[in-house]
Amino acid sequence: MLDAPTSPLAFVDAIRDGLDVAMQIDPHMICYGLGVDDPKRIFGTTTGLAEKYGNGRVFDVPTSEAAMTGIAVGAALRGVRSVTVHQRLDFFLLAMDQLINSAAKWHFMFGGQRSVPIVIRLILGRGWGQGPTHSQSLHSWFAHVPGLKVVMPTNAADAKGLLLSSIFDPNPVLFLEHRWLHQAVSEVPQGDYRLPIGQARVVAPGTDITITAMSYLVPEAIRAAEMLAKHGVSCEIIDLRTIRPLDLPAVSASVQKTGRLLALDSGLPICSVASEIVAFASERHFQSLRTAPRRLTMPDHPEATSFALTRDLHPSGESIASTVSDMLALPHRFARDPKAGPHDVPGAWFKGPF
Amino acid sequence: MLDAPTSPLAFVDAIRDGLDVAMQIDPHMICYGLGVDDPKRIFGTTTGLAEKYGNGRVFDVPTSEAAMTGIAVGAALRGVRSVTVHQRLDFFLLAMDQLINSAAKWHFMFGGQRSVPIVIRLILGRGWGQGPTHSQSLHSWFAHVPGLKVVMPTNAADAKGLLLSSIFDPNPVLFLEHRWLHQAVSEVPQGDYRLPIGQARVVAPGTDITITAMSYLVPEAIRAAEMLAKHGVSCEIIDLRTIRPLDLPAVSASVQKTGRLLALDSGLPICSVASEIVAFASERHFQSLRTAPRRLTMPDHPEATSFALTRDLHPSGESIASTVSDMLALPHRFARDPKAGPHDVPGAWFKGPF
Amino acid sequence: MNALPNDPSLKLVRDMLRVRMIEEAIAREYPKGEMRCPVHLSIGQEAVAVGVGAALERTDPAVSTHRSHAHYLAKGGDLKRFYAELFGKEAGCAKGRGGSMHLIDLDVGFEGSTAIVGNTIPVGVGLALGTQVRGENAVTCIFVGDGALEEGVFFESANFAVVRKLPVLFICENNNYSVYSPIRVRQPTGRKIHEFASSIGLHSQSHDGNDVFSVAETVKAAVDDVRAGKGPAFLEFATYRWLEHCGPYYDDNLGYRPEKDVAEWKARDPIRVAEAKMQNHPGFSSDVMERWRGEIATEIDAALVFARDAAWPDTATGGDYVYA
Amino acid sequence: MNALPNDPSLKLVRDMLRVRMIEEAIAREYPKGEMRCPVHLSIGQEAVAVGVGAALERTDPAVSTHRSHAHYLAKGGDLKRFYAELFGKEAGCAKGRGGSMHLIDLDVGFEGSTAIVGNTIPVGVGLALGTQVRGENAVTCIFVGDGALEEGVFFESANFAVVRKLPVLFICENNNYSVYSPIRVRQPTGRKIHEFASSIGLHSQSHDGNDVFSVAETVKAAVDDVRAGKGPAFLEFATYRWLEHCGPYYDDNLGYRPEKDVAEWKARDPIRVAEAKMQNHPGFSSDVMERWRGEIATEIDAALVFARDAAWPDTATGGDYVYA
Ligand SMILES: Cc1ncc(C[n+]2csc(CCOP(=O)(O)OP(=O)(O)O)c2C)c(N)n1
Ligand SMILES: Cc1ncc(C[n+]2csc(CCOP(=O)(O)OP(=O)(O)O)c2C)c(N)n1
Ligand SMILES: [Mg+2]
Ligand SMILES: [Mg+2]
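Protein chains in written order, with our numbering: chain A, 504 to 857; chain B, 504 to 857; chain C, 21 to 344; chain D, 21 to 344.
Spelled out as structure tokens, the structure:
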């Protein structure tokens, strides 16, 4: 499997490929959500599927997030796996009862007799004025809940590998895709490529500090590590990939090695995944820690619409590098390159509006 | 105000009293929810209000949690404060969109032009087979969200004082009442008694360890401190009272004094208030900590129905005392008194079923 | 176990009696404090459950609500495992994890009841979608109360069922109350529930819920139509709960229901209604009723002994089943 | 500002033209990349907004959706602050916090639009409850799309409004689409939206949404009824969106809508419909239209200059307004 031939794919194409592979393997798997068969095909992630598998398996639905989530649960009970999608995580708040009281608990509350293999794709918005109701990443909520699995892939290969594992996992999986990663290209294995859920990846080994990150903050952490490397600082970056279950052994091994921890979080700070990782490391590796652990997250308020108010809102390569430098009692501070493109888009490919 | 005459009241009567005082002060305040005017009157917390203020201000509603939450927001925009109630927090999951996308954000996303003074009472179940869908305490979710305030009172006086402050606070406040505290009696000041939101209370000063707790875990922590005192251990118990905003200065002061921290949480462990407090203390007071901080919470799974499966499920005086003893490298361990009543009820007053 | 009558009418009456007696036993035993979970009894509402149970195939999936004892039993759910669940035992139908409000018996297609109002409605619609996708010829039955129709998710689920023409049958037990709240404070005066359901696009009818024979007949016809692919249907049955909303006692001392209503509905006890109709039915007599009573009492006693004696779940397994 | 016509009919036409031109200016300016937020234009749907705006009192509260520019403007919302909001400036109507999808102008009762489908529906009902509790004589207007009716919260909110007889007027712009999805994949064939609304208990009617005069008249009558305490009402208006769902361009190249429909609806351009009806109306002529065009263009230019030149919010205030 690991030796499967690869081809370079963008994140969106890797998702599409993963869905296609899964629907071929499981003739009963369905795929639905607002717009899965419309001209835009969820940013291209469902292109061709409606044509290939027909309206019985790939279909548009009413704007009824609560019911459509419970419907996935019911279909799963009848042996029909589904991948549903919400173009913004924010819309999915309408479905919390079905997520928490049905999907997450069904297996437990009926003594293990049935499980709920569903995948819910949630797209995370940011920038270009997405604002308070189109840019939320409440992944820490989901990480709080036993019975759920939560993955947050960073690159195209992981997206495909984790999506296939999520689809064939017997549990409900929330699959969080960052809109800003959608065009990230990497070598993606062909065919039925699966990555284990719950395994972090050491992006770059290092000795001075452990940096844990997820989703869009992984590339930012890599940028930070590059800046710091020029000053002789060696960062070990852990791409968590799954935030429930967390790969705590990976965190432990790294923190015991480096003695320093910076936990990044692409969401809000309080009761966050970053809080959890810092709490875990402080409880378990107090003796290994050479300096106080730190968190770097969004500020404790929503993302506003204005271009001016999103500048430096999220952790960036620069702010990560500056924080690490501070933790190491080094004098280096890093500022955004004024010649860089606008801060509210991931790159030139993003033309707005959505 | 602090010198107001007091009278001994049960928690439920203190709530009722607080509601009555508020409805007298604000002639437009309303109070609604399933059963507010039924024979049981929400465990007695709304007794007499319908008669006194009429159906226009105190009324029963359809089983429509989502809409009824948004309706509170709208009424608030028109200058009508409300106290709504859900007999279990679990039911309120249906209303997350209105809570997060409307109530918590309205002030922010419209640039501070309107605020949303609403109070939502959420009753927390436990024991007597409440099971997976009638015993959840997702307070850590709410603590994650900017724009919300979250209070979790422990005794009758605090319940009244915080309820009145919540009602007259210009922001949305979630008011979490533990069903097991409903009959707890304390001296409650008469009249318009208010306690500031966001101020923790040092229940008992101590020198060896800081124990932070909320809601039903405060009495358990007090039991633990009593057990430990017999062994010469001095605990400083902090009743958080409000979990958003957290009274971090109170935590700081205590941790700097004791050098040890045990964060209790009546809910699930991951990304919890306990995680947050441990993370905060480790970040800010790393030098003050003499030993690794610890958390004690529910296990990372739902509460089952069976009597047998709820034994020792929640942190108790005994498990708290044992943990503290362990943190101090002392040999004492504490076990539940076999002569104590059944573990799944708060006392003889609780007759089930709800 | 005793041989059940072959005659469908006799079986309907005996099944009602059995459900009644099983719940009466709960009401009797509950105060002993061994069934430590909230219980919502259906005493007085048995005709709907039994009529539906008779009309469905064993393999047809069903989901239900907090008040699901009768539905579970009428669908054929195991009695011993039911009582054991109420006692919180490992032998319970949900291994003691769910209690009275979370029943399941997959052997008879009872896919689960849950205790959040409206919560199983989309789950039931999803089951029907599942059968449609798999090409299975099943009718999914969704039990709801009148209160559950106030949850937006009912509307959403019904709408989707109509759009996709799913094989779903909604059974609404309209007992006029949600806890202590009469329907008039929750739904507009003059609204007819079945008309509202019809406006969503469900094939909809309203019937007496206390006449088990007409219930069985009506449901059978609806099940046939749904199975034939005519699209989702909705049946409203007027009925009445005798005991308190939650718990084992009468609570009419609280005065929230007109005494007259209570008296009228009790006079229309579904078991007595059936007995009256069966007067001249071959094979039926008060002696037969007595014999059934005896048989059922024996079955109940044995099941209660089973449940009481059954082992507790092992505390060490408390964290099991969080993930499959 | 130029004196507005006193004649109500003239004012309706001018208001539509103004809303149209204001949005056309957005479509023109948007590609410059200065209005950095998603925009949902109402071009083609102006008659509903303007007709409603004319029928409501300034003090009547209104709430709306992601597609609310026209509603905000027709209710009297400030143009400069509107543009400034789209530019993300501190002078914006939401101080740059909300953008196009979160508009507010309290001076004219525009209480807010939000971008979660269905989200403001209960908020609007709550505003009406607030007016009822305070004894105020106001009608709350709730703008919804056809897609929003699929959210359960619409049903829940409407049900409560009927139960409590609240002074609410729902205005549904049925443009047959939710993003690219035609209504037939979302709602049952044959369902009439206004009939469904009526079955909830709302006083309900359906009308042409592209004739501003009949819209204004119909809405006025409904507003009067609601204000008179006759209970909540629902008006469905058939209309059509010309541009893409979100963004400044035409997107009919994508082929998701029948060309014939697009052509027919464009032929029924609400402005041209009104012009035709006004042919012989005293004070109306193509010259008058031209003059208005000029006046409005001047107003728009000034407003755009204002918005462009306006100051950014101070970054240091990014965390303001989380708590009052
Ligand atoms: C979402 C939610 N809200 C409220 C409750 C509390 N509750 C439990 S049963 C019930 C009554 C429901 O009435 P109905 O659907 O008519 O069923 P019945 O009890 O009459 O059988 C209510 C409100 C709940 N369990 N879940
Ligand atoms: C809860 C939710 N689901 C999905 C979306 C994505 N979305 C934005 S606008 C829209 C279309 C709504 O259609 P309709 O109500 O008819 O309004 P229209 O755009 O036609 O004016 C959708 C689905 C959303 N914003 N919120
Ligand atoms: Mg009922
Ligand atoms: Mg539309």
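C-beta: ideal position from N, C-alpha, C; glycine also. These numbers come from a predicted model, not from an experiment.
Check your understanding: So the beta strand (DSSP E) residue 158 of chain C belongs to, where does it begin and stop?
Key -> Residue numbering aside, residue 158 of chain C sits at position 138 when the third sequence is read from its first letter. First-last for residue 158 of chain C: undefined, no H or E at that position.
Practice item. May I ask you to list the residues that DSSP assigns as paired with residue 225 of chain D? Key: The residue labelled residue 225 of chain D in the question sits at position 205 within the fourth sequence. Looking at the DSSP assignment, residue 225 of chain D forms a beta bridge with D:255.
Check your understanding: Is there at least one non-hydrogen atom of ligand 4 closer than 7 Å to the beta-carbon of residue 195 of chain D?
Key -> Position 175 of the fourth sequence, counting from 1, holds the residue named residue 195 of chain D. Yes, the Cβ of residue 195 of chain D comes within 7 Å of a heavy atom of ligand 4.
**Study point:** DSSP beta-bridge partners of residue 50 of chain C
**Key:** Here residue 50 of chain C corresponds to residue number 30 of the third sequence, with the count starting at 1. Partner(s): none; residue 50 of chain C has no beta bridge.
Check your understanding: Rounded to whole angstroms, how far is the Cβ of residue 67 of chain D from the Cβ of residue 307 of chain D, which I believe are closer than 8 Å?
Key -> Position 47 of the fourth sequence, counting from 1, holds the residue named residue 67 of chain D. Position 287 of the fourth sequence, counting from 1, holds the residue named residue 307 of chain D. A Cβ-Cβ distance of about 23 Å is found for the pair residue 67 of chain D and residue 307 of chain D, leaving them out of contact under the 8 Å criterion.
Point to revise | Residue burial classification, residue 21 of chain D (beta-carbon count within 10 angstroms, cutoff 16) | key: For the purposes of this step, residue 21 of chain D is taken as residue 1 along the fourth sequence, with counting starting at 1. Confidence is the limiting factor: at residue 21 of chain D the pLDDT is only 48, short of 50, which leaves the residue's position unreliable and the question unanswerable from this model.
Review point. Do residue 630 of chain B and residue 119 of chain C have their C-beta atoms closer together than 8 Å?
Key: On the second sequence, position 127 is the one that residue 630 of chain B refers to. On the third sequence, position 99 is the one that residue 119 of chain C refers to. Against a cut-off of 8 Å, the Cβ pair of residue 119 of chain C and residue 630 of chain B comes out as no contact.
Practice item. May I ask you to check if the CB of residue 84 of chain D is nearer than 7 Å to at least one heavy atom of ligand 4? Key: On the fourth sequence, position 64 is the one that residue 84 of chain D refers to. Because no heavy atom of ligand 4 lies under 7 Å away, the Cβ of residue 84 of chain D does not count as near it: no.
**Study point:** Candidates A:588, A:678, A:616, of which the one nearest residue 535 of chain A by Cα
**Key:** Residue numbering aside, residue 535 of chain A sits at position 32 when the first sequence is read from its first letter. Of the listed residues, the one whose Cα sits closest to residue 535 of chain A is A:588.
Check your understanding: Is the number of C-beta pairs between the segment 216-232 of chain D and the segment 235-247 of chain C that are closer than 8 Å three or more?
Key -> no
Exercise for review: Note down, in chain order, all residues in the segment 178-210 of chain D with a beta-carbon under 8 Å from any beta-carbon belonging to chain A.
Suggested key: 198, 199, 200, 201, 205, 206, 207
Check your understanding: Looking at the unbroken alpha helix (DSSP H) that takes in residue 547 of chain B, where does it start and where does it end?
Key -> On the second sequence, residue 547 of chain B is found 44 positions in, with the first residue counted as 1. Per DSSP, residue 547 of chain B belongs to the alpha helix (DSSP H) from 544-547.
**Study point:** CA nearest to the CA of residue 132 of chain C, picked from C:100, C:116, C:92, C:104
**Key:** Position 112 of the third sequence, counted from the first residue, corresponds to residue 132 of chain C. The residue from C:100, C:116, C:92, C:104 with its alpha-carbon nearest to that of residue 132 of chain C is C:92.
Point to revise | CB contact flag (residue 796 of chain B, residue 785 of chain B, <8 Å) | key: For the purposes of this step, residue 796 of chain B is identified with residue 293 of the second sequence, where counting begins at 1. For the purposes of this step, residue 785 of chain B is identified with residue 282 of the second sequence, where counting begins at 1. Yes, the Cβ-Cβ distance between residue 796 of chain B and residue 785 of chain B is below 8 Å.
Review point. What are the boundary residues of the alpha helix (DSSP H) that residue 190 of chain C is part of?
Key: The residue labelled residue 190 of chain C in the question sits at position 170 within the third sequence. Looking at the DSSP string, residue 190 of chain C is not in any alpha helix (DSSP H); the run it does join, the beta strand (DSSP E), is 188-194.
Check your understanding: Which chain B residues sit within Cβ distance under 7 Å of residue 170 of chain C?
Key -> For the purposes of this step, residue 170 of chain C is taken as the residue at position 150 of the third sequence. Within chain B, the residues 565, 566, 567 have their CB atoms less than 7 Å from the CB of residue 170 of chain C, given in chain order.
Review point. What does DSSP give as the partner residues of residue 621 of chain B in its beta bridges?
Key: Counted from its first residue, the second sequence places residue 621 of chain B at position 118. DSSP, once it has assigned bridges, lists B:585 as partnering residue 621 of chain B.
**Study point:** At least three beta-carbon pairs within less than 8 Å, the segment 58-78 of chain C to the segment 30-48 of chain C
**Key:** At 8 Å Cβ cutoff, the stretches touch.
**Study point:** Exposure label - residue 303 of chain C; buried when at least 16 CB within 10 Å
**Key:** Against the third sequence, residue 303 of chain C aligns to sequence position 283. It is exposed - the Cβ of residue 303 of chain C has fewer than 16 other Cβ atoms within 10 Å.
Exercise for review: Leaving aside the five residues before and after residue 140 of chain D along the sequence, list all residues of the same chain whose C-beta is less than 6 Å from its C-beta, in chain order.
Suggested key: Numbered from 1 along the fourth sequence, position 120 holds the residue referred to as residue 140 of chain D. Once the five neighbours on either side are set aside, the close Cβ partners of residue 140 of chain D are 83, 134.
Check your understanding: Any chance the CB of residue 166 of chain C is under 7 Å from a heavy atom of ligand 5?
Key -> Summarising the ligand content, the structure contains ligand 1, ligand 2, ligand 3 and ligand 4 and does not contain ligand 5.
Exercise for review: Please look up how many angstroms separate the CB atoms of residue 715 of chain A and residue 754 of chain A, rounded, as I've assumed it's under 8 Å.
Suggested key: The residue labelled residue 715 of chain A in the question sits at position 212 within the first sequence. The residue labelled residue 754 of chain A in the question sits at position 251 within the first sequence. Yes, residue 715 of chain A and residue 754 of chain A are in contact; Cβ-Cβ is about 6 Å, under 8 Å.
Review point. Helix, strand or coil: which one does DSSP assign to residue 92 of chain C?
Key: Within the third sequence, residue 92 of chain C is the residue found at index 72, counting from 1. Helix.
Practice item. Would you check if the segment 649-666 of chain A and the segment 687-704 of chain A touch, i.e. whether three or more CB-CB distances between them fall below 8 Å? Key: yes
**Study point:** residue 566 of chain A CB to nearest heavy atom of ligand 2 below 7 Å
**Key:** Position 63 of the first sequence, counted from the first residue, corresponds to residue 566 of chain A. Under cutoff, so the answer is yes.
Check your understanding: By how many angstroms is the C-alpha of residue 45 of chain C removed from the C-alpha of residue 683 of chain B?
Key -> For this step, residue 683 of chain B is matched to residue 180 along the second sequence. For this step, residue 45 of chain C is matched to residue 25 along the third sequence. Whole-angstrom Cα-Cα distance: 29 Å.
Review point. Does ligand 2 have even one heavy atom less than 7 Å from the beta-carbon of residue 702 of chain B?
Key: Numbered from 1 along the second sequence, position 199 holds the residue referred to as residue 702 of chain B. No, the Cβ of residue 702 of chain B stays beyond 7 Å of every heavy atom of ligand 2.
Review point. Hey, quick one: how far does the beta strand (DSSP E) through residue 818 of chain B stretch, first residue to last?
Key: Position 315 of the second sequence, counted from the start, is the residue given in the question as residue 818 of chain B. Run containing residue 818 of chain B: none; DSSP gives neither H nor E here.
Check your understanding: For residue 40 of chain C, which residues of its own chain have a beta-carbon under 7 Å away from its beta-carbon, when the five flanking residues on both sides are left out?
Key -> Counting from one through the third sequence, the residue named residue 40 of chain C turns up at place 20. Excluding positions up to five away in sequence, the list reads 63, 66, 291.
Review point. Which of the three DSSP states, helix, strand or coil, is assigned to residue 781 of chain A?
Key: Position 278 of the first sequence, counted from the start, is the residue given in the question as residue 781 of chain A. Residue 781 of chain A falls in the helix class under three-state DSSP.
Review point. Measuring CB to CB, does residue 122 of chain D end up less than 8 Å from residue 265 of chain D?
Key: Indexing the fourth sequence from 1 puts residue 122 of chain D at position 102. Indexing the fourth sequence from 1 puts residue 265 of chain D at position 245. No, Cβ-Cβ distance for residue 122 of chain D and residue 265 of chain D is not below 8 Å.
Exercise for review: Please name the residue or residues paired with residue 132 of chain D in a DSSP beta bridge.
Suggested key: As a working mapping, residue 132 of chain D is identified with position 112 in the fourth sequence. D:83, per the DSSP bridge assignment.
Check your understanding: Pick from A:636, A:640, A:747, A:693: whose alpha carbon is nearest that of residue 627 of chain A?
Key -> What you label residue 627 of chain A is simply residue 124 of the first sequence in a count that begins at 1. Ranking the options by Cα distance to residue 627 of chain A, first place goes to A:640.
Check your understanding: Using the C-alpha atoms, what's the distance from residue 851 of chain B back to residue 335 of chain C?
Key -> The residue labelled residue 335 of chain C in the question sits at position 315 within the third sequence. The residue labelled residue 851 of chain B in the question sits at position 348 within the second sequence. Rounded to whole angstroms, residue 335 of chain C to residue 851 of chain B spans 24 Å at the Cα level.
Practice item. Return yes when at least one heavy atom of ligand 1 lies under 7 Å from the C-beta of residue 138 of chain C, else no. Key: The count along the third sequence starts at 1 and reaches residue 138 of chain C at position 118. Flag set: Cβ of residue 138 of chain C near ligand 1.
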